[in-house]
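So the mapping is simple: the working numbering equals the position in the sequence shown, first residue as 1, plus 57. In this text, a Cβ means the ideal position worked out from N, Cα and C, and glycines have one as well. These notes are about the structure you will find just below.
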Amino acid sequence: MAGGSLRIARAEWTRHRREFGTPLTGRPVLLVAVAAITLVLGWLAHSLGRDLTTGQPLPYELLSLLVSVTFVWMAWRSSQYTHARFERLSPDPLLTTVPARTATLGLLGFVYARLITTLALPTLGVAVGIAVGLRSPTVGITVLVAIAGIASLAVALGTTSRLAARLVALRLTRVRVYRDILIVFGWIPLMIGFMILQELSISLAPLLAVFGALPLAWFVDLALLGSVESSFGSVGHAFGALGLLVLTVPVLVAGSTVFARRIWESEPVSSVGSTGSSGSHSLLKEGVLERFVGDRIPRAAYTVARERWLLERRGPRGLLMSGYVVFLVGMFGFPAVAIGGGGPNGLLLLFAVGLGMMAGIAFASAPIGTEYRTLPMLFTTVDGQQFAGGLVLAATTVGAPLVLLVIVPLGISSLVGTIQTIVIALVGVTVSTCTASVALAIGMGVERYDYTPMSSFFTDIPVYAEIGLNGFLRLGSIFAVVTLVTVPAFLGNAPPVYERVEALGIPALGVQIGSLFLTLLLVVAVTRIAFRIAVQRFRDYQIG
58 MAGGSLRIAR AEWTRHRREF GTPLTGRPVL LVAVAAITLV LGWLAHSLGR
108 DLTTGQPLPY ELLSLLVSVT FVWMAWRSSQ YTHARFERLS PDPLLTTVPA
158 RTATLGLLGF VYARLITTLA LPTLGVAVGI AVGLRSPTVG ITVLVAIAGI
208 ASLAVALGTT SRLAARLVAL RLTRVRVYRD ILIVFGWIPL MIGFMILQEL
258 SISLAPLLAV FGALPLAWFV DLALLGSVES SFGSVGHAFG ALGLLVLTVP
308 VLVAGSTVFA RRIWESEPVS SVGSTGSSGS HSLLKEGVLE RFVGDRIPRA
358 AYTVARERWL LERRGPRGLL MSGYVVFLVG MFGFPAVAIG GGGPNGLLLL
408 FAVGLGMMAG IAFASAPIGT EYRTLPMLFT TVDGQQFAGG LVLAATTVGA
458 PLVLLVIVPL GISSLVGTIQ TIVIALVGVT VSTCTASVAL AIGMGVERYD
508 YTPMSSFFTD IPVYAEIGLN GFLRLGSIFA VVTLVTVPAF LGNAPPVYER
558 VEALGIPALG VQIGSLFLTL LLVVAVTRIA FRIAVQRFRD YQIG
């Protein structure tokens, strides 16, 4: 069985090398980066060893944190390698020649070899650096043993968790959506928690102590077990790390075998509502929006909006795009408002603009990529006015209640006045319409041949998107245009601005409200211009 698993691992390595090339081969930039990382890690390890020989205490908690972070990264990479190779395995012919256990062990062997290849140079740099710093060649050997051991644990955990997630996804189709949402937006609560800790000046020392108490910290003791002059780690913890490997890795390997066999031998079962009539909706049936708005909007625009909502419900691709807005607002918006002294009005306005931009980009960005498979039917059934109007309607209908439900309670419960809160909420609603129009005007300028099928979150079906930096540049253009339009509102609601104007005899409230209404006028003007450009580009679009 071991020989069969080895042959499978070797065969998968050969296929991987043919598809993606040998790691670092033909990639001079990556090779230089890995060499630089190796030198840096070697220098840090040498400095640590030299400090320990001079009698300085071992930074056990910090090293434990680094080990934990490295372990999480290795488990994540192992999960990625498992996903890539498991998708390319052909179980029908493979399982007629070897049992499932042999095939799974071969997959584990490939993942371990791939991970060790990635870690080889950095590991060598750490081992040599600390051996030279401590003047102990044997500590280099124990460092290699510790890294190889924790890598085996990470591979077993990463592979098992990936196969378990795959099995659950086969049984419950919506689990994949929830998982991808967690991946896309999971960093937000972590960032908020870190900011709260910083704001409250809470020490992170207890958190570091927690990492020092984890079993993963025992690998630090194992790595330093070979020091000659003095034992800087606990011998008991070092053997505890070896015991952890002996007890845990076989259990995880057995689990991966069970999950792989269940995946290969079972049929996928869809979640409730995903295959029945409750998962389908008529695009032509009259809905709540038509009864509320009436005949003021063409029926075809309603149909386009309803289709976009249905597409987003089944595969929330626009939700992924809105994640970039959260990132840009967090990276650039908050620092700019904080540096400019925006105060509570500025923060509330930033939230309103951010929510409006999220709705606009979620439903109107990449219009050609979203409708790529149905472009011939699209251009022969609706005109530009109806198509652009439908997507703007989809964005505004979602953006308006989102902004109102978030901004109005925040404004009333904060130091922002009632009038300012209402106008700021109105700005957020119009920003969703403006963002959708600008996104359409820019997105309709992308030629059909610029789109390429590629994998994406939330679905196994390839989606059409731009490759390279072009898509990010277009998204940045949308963000920049809408941000420029809202600059007067941010300036007028910044305390340094309206306080200076108030010194000239103009009331501060008048400056704040006036800047908001000026922004509303600019938003309406830009929306009309961008909408007309989008309609014209739709009419002139060539798909041949």
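Where residue i and residue j are concerned, what is the direct C-alpha to C-alpha distance, given to the nearest angstrom?
i      : j      : result
Arg363 : Phe547 : 34 Å
Ser327 : Leu224 : Unreliable placement is indicated for Ser327, whose pLDDT of 43 sits below 50; the coordinate value is still reported in the next sentence. Their Cα atoms are separated by approximately 12 Å.
Ser147 : Ser136 : 19 Å
Pro458 : Ala565 : 29 Å
Leu96  : Gly398 : 43 Å
Phe595 : Leu376 : 24 Å
His103 : Ala208 : 22 Å
Ala451 : Val465 : 22 Å
Tyr429 : Gly417 : 19 Å
Val568 : Thr478 : 14 Å
Leu282 : Gly166 : 27 Å
Ile535 : Ala419 : 12 Å
Phe391 : Gly297 : 46 Å
Ala496 : Leu152 : 50 Å
Gln599 : Ala358 : 21 Å
Val542 : Val580 : 6 Å
Ala177 : Ile586 : 56 Å
Val554 : Thr174 : 57 Å
Met294 : Val303 : Checking the displayed sequence, the identity of residue 294 turns out to be His instead of Met. Approximately 14 Å, taken between the alpha carbons.
Leu385 : Leu119 : 31 Å
Trp275 : Phe128 : 13 Å
Thr195 : Gly206 : 17 Å
Arg67  : Gly197 : 29 Å
Val277 : Arg107 : 17 Å
Leu214 : Pro307 : 11 Å
Met388 : Leu432 : 36 Å
Leu435 : Leu530 : 26 Å
Ser193 : Ala184 : 11 Å
Thr475 : Ile570 : 11 Å
Arg505 : Thr492 : 22 Å
On the DSSP bridge assignment, give the partners of residue i in chain order.
i      : result
Tyr429 : Tyr429 pairs with nothing; no bridge assigned.
Ala522 : Thr509
Hey, residue i and residue j: beta-carbon distance below 8 Å or not?
i      : j      : result
Leu115 : Leu123 : no
Ala421 : Phe316 : no
Arg219 : Leu172 : no
Ile481 : Leu577 : no
Tyr138 : Val168 : yes
Thr199 : Ser313 : no
Gln593 : Gly441 : yes
Ala445 : Phe588 : yes
Val488 : Val410 : yes
Gly413 : Val486 : yes
Ala393 : Ser494 : no
Val538 : Glu523 : no
Leu181 : Ser284 : no
Leu105 : Pro179 : no
Ser62  : Leu273 : no
Leu279 : Val202 : yes
Arg145 : Leu164 : no
Thr633 : Gly447 : The requested residue 633 is not part of the displayed model; the chain covers only 58 to 601.
Ala498 : Gly403 : no
Ala132 : Ala211 : yes
Gly500 : Ile425 : yes
Val449 : Thr490 : yes
Leu301 : Ser125 : no
Trp321 : Ala423 : no
Thr159 : Ile65  : yes
Val520 : Arg371 : no
Leu368 : Thr437 : no
Val484 : Phe408 : no
Using a beta-carbon distance below 8 Å, is residue i in contact with chain B?
i      : result
Ala102 : Annotation note: the requested chain B is absent from the structure, which comprises a single protein chain.
Check your understanding: What alpha helix (DSSP H) runs, 4 residues minimum, are completely inside the stretch 122-182?
Key -> 148-151
Review point. So, do the stretch 370-383 and the stretch 469-486 have three or more beta carbon pairs nearer to each other than 8 Å?
Key: no
**Study point:** Complete runs of the alpha helix (DSSP H) confined to the stretch 268-314 [at least 4 residues]
**Key:** 275-280
Check your understanding: Which whole runs of the alpha helix (DSSP H) in the stretch 515-583 are 4 residues long or more, in chain order?
Key -> 527-542, 544-549 and 552-559
**Study point:** 3-residue-minimum beta strand (DSSP E) runs that sit fully inside the stretch 382-459, ordered along the chain
**Key:** none
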